[in-house]
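Peer 1: Protein chains in written order, with our numbering: chain Y, 1 to 203; chain S, 204 to 406. Heads up, the beta-carbon is just placed ideally off N, CA and C, and yes, glycines get one too. The structure presented is a predicted model; accordingly, all values stated were derived computationally and were not measured.
#1: Report yes or no: is there a C-beta of chain Y within less than 8 Å of the C-beta of residue 270/S?
#2: Alpha helix (DSSP H) containing residue 62/Y: first to last residue?
#3: So what's residue 137/Y in DSSP terms, helix, strand or just coil?
#4: With distance defined between alpha-carbon atoms, name the residue in 384/S, 224/S, 279/S nearest to residue 358/S.
#5: For the segment 134-195 of chain Y, list the beta strand (DSSP E) runs that are entirely contained and at least 3 residues long, ordered along the chain.
#6: Kindly list, in the order they appear in chain Y, the residues whose Cβ is closer than 7 Å to that of residue 347/S.
#7: Using a C-beta to C-beta distance shorter than 9 Å, which residues of chain S count as neighbours of residue 64/Y?
#8: Counting only the same chain and skipping the five closest in sequence on each side, list residues whose C-beta sits under 6 Å from that of residue 1/Y.
#9: Kindly say whether residue 278/S, judged by its beta-carbon, lies nearer than 8 Å to any beta-carbon of chain Y.
#10: Between residue 186/Y and chain S, is there a C-beta pair that is closer than 8 Å?
#11: Mapping DSSP to helix, strand and coil, what is residue 50/Y?
#12: Name, please, each residue of chain Y whose Cβ falls closer than 7 Å to the Cβ of residue 326/S.
#13: Report buried or exposed for residue 198/Y, applying the criterion of at least 16 other Cβ atoms within 10 angstroms of its Cβ.
#14: Closest to residue 73/Y by C-alpha separation, out of 108/Y, 11/Y, 115/Y, 178/Y, would be which residue?
#15: Spell out whether any CB of chain S is found under 8 Å from the CB atom of residue 96/Y.
#16: Does residue 245/S come out as helix, strand or coil in the three-state DSSP assignment?
#17: Given a threshold of 16 other Cβ atoms within 10 Å of its Cβ, counted over all protein chains shown, does residue 111/Y qualify as buried or as exposed?
#18: How is the beta strand (DSSP E) around residue 329/S delimited, first residue to last?
#19: Classify residue 305/S as buried or exposed, calling it buried when 16 or more other Cβ atoms lie within 10 Å of its own Cβ.
#20: Any idea if residue 17/Y is buried or exposed, counting beta-carbon neighbours within 10 angstroms, 16 or more meaning buried?
#21: Just the C-alpha distance for residue 294/S and residue 172/Y, rounded to the nearest angstrom, thanks.
#22: Can you pull the chain Y neighbours of residue 308/S, defined as C-beta to C-beta under 9 Å?
#23: What's the C-alpha gap between residue 4/Y and residue 303/S?
#24: Tell me, please, whether the CB atom of residue 90/Y is closer than 8 Å to any CB atom in chain S?
#25: Taking residue 109/Y and residue 147/Y to be in contact with their CB atoms under 8 Å, please state how far apart those CB atoms are, rounded to whole angstroms.
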């Protein structure tokens, strides 16, 4: 490694989440979101209305080496919408190495970073262009789009972090729901299905 | 750690490098830049003209824990100017743990990220608002302001990276200078004082 590090990554990042120079990307579709929203009937109705292939969020990212000092840099673009009264969300995760932190810097749109600790703290941090959240390790986190346009964030986190996506599912969903409150507002409400998080192996 | 991670950091980041919610900051002044520029006479003249207290760049940052998965997030605001025909620069560094990577995302202004490997590769990556560079580990790097206004970048890097600032000084400066080329342009020129980098202890 010391004699031949990779070339610097040159990225052009649009406020719409476009990322020229990205090394990879993935797309999540409505059909991938089974079990994520509390209102199963509203989710089934959305599938009927929009089809399972409807894009719900996209991720562009740049990574090079998997060295323990390496980073992954990217953008997340979460389309607007509601399933029942729940706003559109990403699946959410705890890092597989739970002490890994992450930056989310909002580039455009309006949303919330929903954050929860395994022992019951819950925070909903509003984000709009220019606002950022520094997610420390040991916080489960998910993006929520509370607006009418795409909610776009730039993210940066250690390349060896990994994602534990099952934790939320096993807990019956995150402890808090971000739901509509009046025609343009949002609020949080406890999720009665949430049964507490298991504690993953410490890292 | 697993039972009481710190609160998420809530940051409001201005295009001018302001950062509400920062946990710290520092200021570099003209008097701190002794030995950084090649033209010692031009530097002495700038000191006489502007005084040693003149601000040349400022850094705002947010850090919480020093866990090995932690990050430092901040902004760097490098004021415009030239010393002789060299554009304004930050001191530059290799990470003390050399394999630590870093993101620089330009928020405003116009500049260059100058990057060099210990074995002689050199890259000058132009940056303006929306452009970013993913600096892999093992690259010495420095910001250069090639414009007329402040050159502002958002950065994110592992909290345990550290900075080796002496490496560049011991090498007689970075291998490449970023200098004026016509009334509004810039170009690179080899630094004849550069004698090669020592190889720091591998990490």
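Peer 2: In terms of the structure at hand:
#1: Here residue 270/S refers to the residue found at position 67 of the second chain. Cβ-Cβ to chain Y under 8 Å: yes for residue 270/S.
#2: Residue mapping note: residue 62/Y aligns to position 62 of the first chain, counting from 1. No alpha helix (DSSP H) contains residue 62/Y, which is instead part of the beta strand (DSSP E) from 55-62.
#3: Indexing the first chain from 1 puts residue 137/Y at position 137. Of the three classes helix, strand and coil, the one that applies to residue 137/Y here is coil, per DSSP.
#4: For the purposes of this step, residue 358/S is identified with residue 155 of the second chain, where counting begins at 1. That would be 279/S, whose Cα lies nearest to the Cα of residue 358/S.
#5: 139-145, 151-158, 176-181, 185-190
#6: Indexing the second chain from 1 puts residue 347/S at position 144. Per Cβ cutoff of 7 Å: no residues; residue 347/S is ~14 Å from chain Y at best.
#7: Locating residue 64/Y in the first chain gives position 64, where the first residue counts as 1. Within chain S, the residues near residue 64/Y are 304, 337, 339.
#8: The count along the first chain starts at 1 and reaches residue 1/Y at position 1. Residue confidence is low: residue 1/Y scores 46 on pLDDT, short of 50, so the model does not pin down where it sits. Its coordinate-derived value is still stated next. Hits under 6 Å: none found.
#9: Taking the second chain and counting its residues from 1, one reaches residue 278/S at position 75. Taking Cβ atoms only, chain Y never reaches closer than 8 Å to residue 278/S, which makes this a no.
#10: Start at 1 with the first residue of the first chain, and residue 186/Y comes out as number 186. No, residue 186/Y does not count as interfacial toward chain S.
#11: In the first chain, residue 50/Y corresponds to position 50, counting from 1. Correct three-state label for residue 50/Y: helix.
#12: Working through the second chain from its first residue, we reach residue 326/S at position 123. Result: 8.
#13: Start at 1 with the first residue of the first chain, and residue 198/Y comes out as number 198. It is exposed - the Cβ of residue 198/Y has fewer than 16 other Cβ atoms within 10 Å.
#14: Looking up residue 73/Y in the first chain gives position 73. When only C-alpha atoms are compared, the closest one is 11/Y.
#15: Counting from 1 along the first chain, the entry for residue 96/Y is found at position 96. With 8 Å as the cut-off, residue 96/Y does not count as an interface residue toward chain S.
#16: Mapped onto the second chain, residue 245/S falls at position 42. Correct three-state label for residue 245/S: helix.
#17: Translated into positions along the first chain, residue 111/Y becomes position 111. Residue 111/Y comes out buried.
#18: For this step, residue 329/S is matched to residue 126 along the second chain. In the DSSP assignment, residue 329/S falls within the unbroken beta strand (DSSP E) covering 325-331.
#19: Sequence index remark: in the second chain, residue 305/S carries index 102 (1-based). So residue 305/S ends up on the buried side.
#20: One-based indexing of the first chain puts residue 17/Y at position 17. Residue 17/Y should be labelled buried.
#21: By one-based count along the second chain, residue 294/S stands at place 91. By one-based count along the first chain, residue 172/Y stands at place 172. Roughly 51 Å separates the two Cα atoms.
#22: Along the second chain, one-based indexing puts residue 308/S at 105. Within 9 Å Cβ-Cβ: 11, 13, 73, 105, 154, 156.
#23: Residue 4/Y sits at position 4 when you count from the first residue of the first chain. Residue 303/S sits at position 100 when you count from the first residue of the second chain. Looking at the two C-alpha atoms, the distance is approximately 14 Å.
#24: Walking along the first chain from the start, residue 90/Y turns up at place 90. So no, residue 90/Y is outside the interface.
#25: Taking the first residue of the first chain as position 1, residue 109/Y is located at position 109. Taking the first residue of the first chain as position 1, residue 147/Y is located at position 147. About 5 Å separates the two Cβ atoms, so the contact holds.
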